[in-house]
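Report on the structure given below.
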Amino acid sequence: MKKGFILLLSCLLLLAGGGSVLADKSDKSVLTDSISEVVGTPYKWGGTTSKGFDCSGFILHIFNQFAVKLPRTSQSQSDTGSEVNKDELREGDLVFFNTSGKGVSHAGIYIGDGKFAHSSTSKGVTITNLNDSYYAKRYVTARRVVSEDTFAAMMESK
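Okay, structure coming up:
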């Protein structure tokens, strides 16, 4: 009886905990679906393709799908668009960090719920919470780089 209960409980926990980092497929926007397709892609310095991305190359890859042209480096990307307060972030905004001690050196795409997608040197393309202690200490700014029409296209359900 005890083994049966433990087995049943284990199965229920396994099924209940099967959620994705991003929303269920039916709830995902075109943007988060595009990001989901490359999560796990390895980090590659200077990389801009699905064979490997650096942080700004990952951003270029995603935004090229929406015909949004951005500069190549995270530093240059941080000068694009309009500044956004951290408490006003919306999906598709770019977030920037000082990870080198020399100004903006890392970037990602805000995906909602306090999370951003980026290509890290250790994990490749991954999802991280903005309040993660490492990134919270190094947060510099955020920029909104798309028009309202492009934003609407990015948010369409897939």
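In our numbering, each residue's number is its place in the sequence shown (first place is 1) plus 191.
Just so it is clear, CB atoms sit at the ideal spot from N, CA and C, and this is done for glycine as well.
{"Item": "Taking the straight line between their C-alpha atoms, what separation do you get for G238 and E279?", "Value": "30 Å"}
{"Item": "The alpha helix (DSSP H) spanning N320 covers which residue range?", "Value": "Per DSSP, N320 belongs to no alpha helix (DSSP H); it is in the beta strand (DSSP E), 315-320."}
{"Item": "Spell out the partners DSSP gives V286 in its beta bridges.", "Value": "G299, A333"}
{"Item": "Taking the Cβ atom as the reference point for each residue, do I250 and L285 lie within a distance shorter than 8 Å?", "Value": "yes"}
{"Item": "Buried or exposed for S220, going by 16 or more other Cβ atoms inside 10 Å?", "Value": "buried"}
{"Item": "Using CA coordinates, which residue listed in L321, F287, T290 is at the minimum distance from G303?", "Value": "L321"}
{"Item": "F307 lies in the beta strand (DSSP E); which residues open and close that run?", "Value": "306-311"}
{"Item": "Would you list, in sequence order, the uninterrupted alpha helix (DSSP H) runs of no fewer than 4 residues that lie entirely inside the segment 241-266?", "Value": "246-255"}
{"Item": "Can you list, in chain order, the residues of its chain with a C-beta nearer than 7 Å to that of F342? Leave out the 5 residues immediately preceding and following it.", "Value": "G283"}
{"Item": "Let me know the secondary structure DSSP gives E339 once reduced to three states.", "Value": "helix"}
{"Item": "Taking the alpha helix (DSSP H) that T223 falls in, what are its first and last residues?", "Value": "221-227"}
{"Item": "If you count every other CB in all the chains shown that lies within 10 Å of the CB of Q256, and 16 or more means buried, which is it?", "Value": "exposed"}
{"Item": "For G231, collect the residues of the same chain with a Cβ closer than 7 Å to its Cβ; drop the 5 residues on either side in sequence, then sort them by chain order.", "Value": "G315, V316"}
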